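Undergrad: Chains as they are written, first to last, in the working numbering: chain Z, 1 to 204; chain Y, 1001 to 1259. Quick reminder that beta carbons are idealized off the backbone N, C-alpha and C, glycines included. Model, not experiment: these values are computed from the prediction. Structure provided below as structure tokens; questions to follow.
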């Protein structure tokens, strides 16, 4: 069962809609005990870094999440701000992140963009896969994925970068550390590619 | 590379989909859910649905409809119509929409945009500005209209966009009432004027009559959203109703030529 973690941030319904259509069992989880039932966890997230961290810290789920992910090693997928909070910190706020993948969240350097619009980086962009991984199995890289964000995760270790995109500069669009994954784009809003990626994740 | 977006814009009137000309004479073009299913198959970049009755009827959004549409959409979905409170905006995002669009309420009370941005994230806040060209005697330029083009706003276009710049929004949609439904091409002067005034992502609506119109606007302004109603719901000179959208090959070659 896929557990979509409802800590008060993120587009839970859109992810649920896709698993519904895929006939993959899932539940929206908001109680610490309920996380035990899931084999895989998804951490959504939208809005500001600190707001998401505050919601997560106040949700009472933090400790249970650490146990499921760091001790029981369940696969987890952070989406958008849910990816950014995997980092240690962010230029967007002052609260520490989960720190599951070393690195920092930075703001795009608008000076590197040649023309308007500037921020957010919004729309369909391609992802250059940096290594083979089953989570990207059968992904159509010509189509790409839908992004909307002004900050990006910069992992301190190159080997944590699964795929990059380009917006004035190259940035990490997908990161991982063992069974912990983060996607800056929105698989739940990326047509067939998103459906495939969420399906691949469920099979890990 | 980030791509320009090509966006079908659907209007909801009396629970059906309609297409207007200069904001008048709504012609029934089909069922919203059915249209979304077709646009899913066609892998549209994004979808915008505007309920053109809500503000005029002085009512809030139809959440049941939004829920049904959002459940279908495998692409970013923007809903607009009748949103006047933070709670409504939050509910729309919770139902699975990516963006919530405001027009009348934003023009009446721009600070509402800030409150909604704080609640759902600035990137999800879209402002739709309906404009009409001023008469030549008034020295040119554009006026902002609300309530389906029925009421002129006292806000000057430039002042309003400067206000948006200071508040921060995710996207500005500029809609030409003069061009609506005419399929005679976008108003490039209008787009240029708004582009010069703001750095935000921008979508243009009103006038697209062919893929060539879309190619030329993208060639000129590069990364922008090119939205269209008539083009994606009518086919041929007799305007037969047929939901359509360029296939992948057509879209990618259009974008390549426009680069």
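Measuring CB to CB, does residue 1004 of chain Y end up less than 8 Å from residue 1205 of chain Y?
TA: Indexing the second chain from 1 puts residue 1004 of chain Y at position 4. Indexing the second chain from 1 puts residue 1205 of chain Y at position 205. Their beta carbons are not under 8 Å apart, which means residue 1004 of chain Y does not touch residue 1205 of chain Y by this criterion.
Undergrad: Check whether the region 75-86 of chain Z and the region 179-190 of chain Z touch, using three or more Cβ-Cβ pairs below 8 Å as the test.
TA: Yes, they touch.
Undergrad: To the nearest angstrom, how far is it from the Cα of residue 117 of chain Z to the Cα of residue 1002 of chain Y?
TA: Here residue 117 of chain Z refers to the residue found at position 117 when the first chain is read from its first residue. Here residue 1002 of chain Y refers to the residue found at position 2 when the second chain is read from its first residue. Rounded to whole angstroms, residue 117 of chain Z to residue 1002 of chain Y spans 11 Å at the Cα level.
Undergrad: Compare the beta carbon distance of residue 1141 of chain Y and residue 1134 of chain Y with 8 Å and say whether it is the shorter of the two.
TA: As a first step, residue 1141 of chain Y is located in the second chain; it is residue number 141 there, counting from the start. As a first step, residue 1134 of chain Y is located in the second chain; it is residue number 134 there, counting from the start. The answer is yes: Cβ separation under 8 Å.
Undergrad: Could you list the residues in the region 1232-1243 of chain Y with a C-beta less than 8 Å from some C-beta on chain C, going in chain order?
TA: In the displayed structure, chain C is absent; the protein chains listed are Z and Y.
Undergrad: Determine, using beta carbons only, whether residue 1170 of chain Y and residue 1103 of chain Y come nearer to each other than 8 Å.
TA: As a first step, residue 1170 of chain Y must be located in the second chain, where it is residue number 170. As a first step, residue 1103 of chain Y must be located in the second chain, where it is residue number 103. Taking 8 Å as the Cβ cut-off, residue 1170 of chain Y and residue 1103 of chain Y do not qualify as a contacting pair.
Undergrad: Mind checking who residue 106 of chain Z pairs with in its DSSP beta bridge?
TA: In the first chain, residue 106 of chain Z corresponds to position 106, counting from 1. DSSP lists Z:152 as partners of residue 106 of chain Z.
Undergrad: Within 8 Å of any Cβ in chain Y, is that where the Cβ of residue 17 of chain Z sits?
TA: Your numbering for residue 17 of chain Z matches position 17 in the first chain. Yes, residue 17 of chain Z counts as interfacial toward chain Y.
Undergrad: Hey, does residue 1202 of chain Y have any beta-carbon neighbour from chain Z nearer than 8 Å?
TA: Walking along the second chain from the start, residue 1202 of chain Y turns up at place 202. So, interface residue.
Undergrad: Straight-line CA distance for residue 1179 of chain Y to residue 1215 of chain Y?
TA: The residue you call residue 1179 of chain Y lines up with position 179 of the second chain. The residue you call residue 1215 of chain Y lines up with position 215 of the second chain. Looking at the two C-alpha atoms, the distance is approximately 17 Å.
Undergrad: Between the region 95-119 of chain Z and chain Y, which residues of the former have a C-beta closer than 7 Å to a C-beta of the latter?
TA: Taking 7 Å as the Cβ-Cβ cut-off against chain Y, the residues of the region 95-119 of chain Z that qualify are 115, 116, 117 and 118.
Undergrad: Could you confirm whether any beta carbon from chain Z is found closer than 8 Å to the beta carbon of residue 1070 of chain Y?
TA: Numbered from its first residue, the second chain carries residue 1070 of chain Y at position 70. Yes, residue 1070 of chain Y lies at the interface with chain Z (some Cβ there is under 8 Å from its Cβ).
Undergrad: Any beta carbon of chain Y sitting closer than 8 Å to that of residue 121 of chain Z?
TA: Position 121 of the first chain, counted from the first residue, corresponds to residue 121 of chain Z. Output row for residue 121 of chain Z: interface = yes.
Undergrad: What residues in its chain sit with their C-beta under 7 Å from that of residue 1038 of chain Y, if we drop five residues either side in the sequence?
TA: To locate residue 1038 of chain Y, count along the second chain from 1; it is residue 38. Here the set comprises 1243.
Undergrad: Output the boundary residues of the alpha helix (DSSP H) element that contains residue 287 of chain Z.
TA: Residue coverage of chain Z in this structure runs from 1 to 204, which leaves residue 287 of chain Z outside it and unanswerable.
Undergrad: Look up residue 1257 of chain Y in the DSSP assignment and say whether it is helix, strand or coil.
TA: The residue given as residue 1257 of chain Y occupies position 257 in the second chain. Three-state DSSP puts residue 1257 of chain Y in a helix.
Undergrad: In chain order, what residues of the same chain lie with their CB nearer than 7 Å to the CB of residue 119 of chain Z, ignoring the 5 residues before and after it?
TA: Walking along the first chain from the start, residue 119 of chain Z turns up at place 119. Closer than 7 Å at the Cβ level, and outside the excluded window around residue 119 of chain Z, lie 108, 110 and 150.
Undergrad: Under a Cβ-count criterion, where at least 16 other Cβ atoms within 10 Å of its own Cβ denotes burial, should residue 1238 of chain Y be classed as buried or exposed?
TA: Here residue 1238 of chain Y refers to the residue found at position 238 of the second chain. Exposed is the call here.
Undergrad: Classify residue 1220 of chain Y as helix, strand or coil using the three-state DSSP reduction.
TA: Along the second chain, one-based indexing puts residue 1220 of chain Y at 220. In the structure shown, residue 1220 of chain Y sits in a helix (DSSP, three-state: H, G or I).
Undergrad: Could you tell me if residue 53 of chain Z is buried or exposed, where buried requires 16 or more neighbouring beta carbons within 10 angstroms of its beta carbon?
TA: The residue you call residue 53 of chain Z lines up with position 53 of the first chain. The residue is buried, with at least 16 neighbouring Cβ atoms inside 10 Å.
Undergrad: List, from N- to C-terminal side, the beta strand (DSSP E) runs of 3 residues or more that fit wholly inside the region 21-64 of chain Z.
TA: Entirely contained in the region 21-64 of chain Z, the beta strand (DSSP E) runs reaching 3 residues are, in chain order, 26-29 and 40-43.
Undergrad: Taking 6 Å as the limit between beta carbons, can you name the residues of its chain near residue 75 of chain Z, skipping five residues before and five after?
TA: Within the first chain, residue 75 of chain Z is the residue found at index 75, counting from 1. Taken in chain order, the residues that qualify are 40, 179 and 204.
Undergrad: Taking the alpha-carbon of residue 1129 of chain Y as reference, which of Y:1121, Y:1094, Y:1088 and Y:1080 has the nearest alpha-carbon?
TA: Within the second chain, residue 1129 of chain Y is the residue found at index 129, counting from 1. Checked all of Y:1121, Y:1094, Y:1088 and Y:1080; the closest Cα to residue 1129 of chain Y is Y:1080.
Undergrad: Tell me which residues of the region 1071-1088 of chain Y have at least one Cβ-Cβ distance to chain Z shorter than 9 Å, keeping chain order.
TA: Listed in sequence order: 1071, 1072, 1073, 1074, 1075, 1076 and 1077.
Undergrad: Report the CB separation of residue 92 of chain Z from residue 49 of chain Z in whole angstroms; it is logged as a contact under 8 Å.
TA: On the first chain, position 92 is the one that residue 92 of chain Z refers to. On the first chain, position 49 is the one that residue 49 of chain Z refers to. About 4 Å separates the two Cβ atoms, so the contact holds.
Undergrad: Use the C-beta contact count for residue 84 of chain Z: other C-beta atoms within 10 angstroms, 16 or more gives buried, fewer gives exposed.
TA: As a first step, residue 84 of chain Z must be located in the first chain, where it is residue number 84. So residue 84 of chain Z ends up on the buried side.
Undergrad: Could you tell me the boundaries of the alpha helix (DSSP H) in which residue 6 of chain Z lies?
TA: If you number the first chain from 1, residue 6 of chain Z lands on position 6. That residue, residue 6 of chain Z, is in no alpha helix (DSSP H); it is neither H nor E in DSSP.
Undergrad: Residue 1095 of chain Y by DSSP, collapsed to three states: which one?
TA: In the second chain, counting from the first residue as 1, residue 1095 of chain Y sits at position 95. The answer is coil: DSSP assigns residue 1095 of chain Y none of H, G, I, E or B.
Undergrad: Is residue 1102 of chain Y helix, strand or coil when you go by DSSP?
TA: The count along the second chain starts at 1 and reaches residue 1102 of chain Y at position 102. Three-state result, residue 1102 of chain Y: strand.
Undergrad: Under 7 Å between beta-carbons, which chain Z residues line up against residue 1096 of chain Y? List them in chain order, please.
TA: The residue labelled residue 1096 of chain Y in the question sits at position 96 within the second chain. Simply 11, 13, 14 and 17.
Undergrad: Relative to the alpha-carbon of residue 1041 of chain Y, which residue among Y:1075, Y:1187 and Y:1146 has its alpha-carbon at the smallest distance?
TA: Taking the second chain and counting its residues from 1, the one referred to as residue 1041 of chain Y is at position 41. If we check each option's Cα against that of residue 1041 of chain Y, Y:1075 comes out closest.
Undergrad: At least one CB of chain Y closer than 8 Å to the CB of residue 126 of chain Z: is that the case?
TA: As a position in the first chain, residue 126 of chain Z is number 126, starting the count at 1. Yes - at least one Cβ of chain Y is within 8 Å of the one on residue 126 of chain Z.
Undergrad: Pick helix, strand or coil for residue 72 of chain Z, following the three-state DSSP scheme.
TA: Taking the first chain and counting its residues from 1, the one referred to as residue 72 of chain Z is at position 72. The answer is coil: DSSP assigns residue 72 of chain Z none of H, G, I, E or B.
Undergrad: Find the residues of chain Y that neighbour residue 166 of chain Z, judging by a C-beta separation of less than 9 Å, and give them in chain order.
TA: Walking along the first chain from the start, residue 166 of chain Z turns up at place 166. Within 9 Å Cβ-Cβ: 1001 and 1002.
Undergrad: Taking C-beta to C-beta, are residue 202 of chain Z and residue 127 of chain Z nearer than 8 Å?
TA: Mapped onto the first chain, residue 202 of chain Z falls at position 202. Mapped onto the first chain, residue 127 of chain Z falls at position 127. No. Outside cutoff.
Undergrad: First and last residue of the beta strand (DSSP E) that includes residue 1084 of chain Y?
TA: Translated into positions along the second chain, residue 1084 of chain Y becomes position 84. Looking at the DSSP string, residue 1084 of chain Y is not in any beta strand (DSSP E), and its letter there is neither H nor E.
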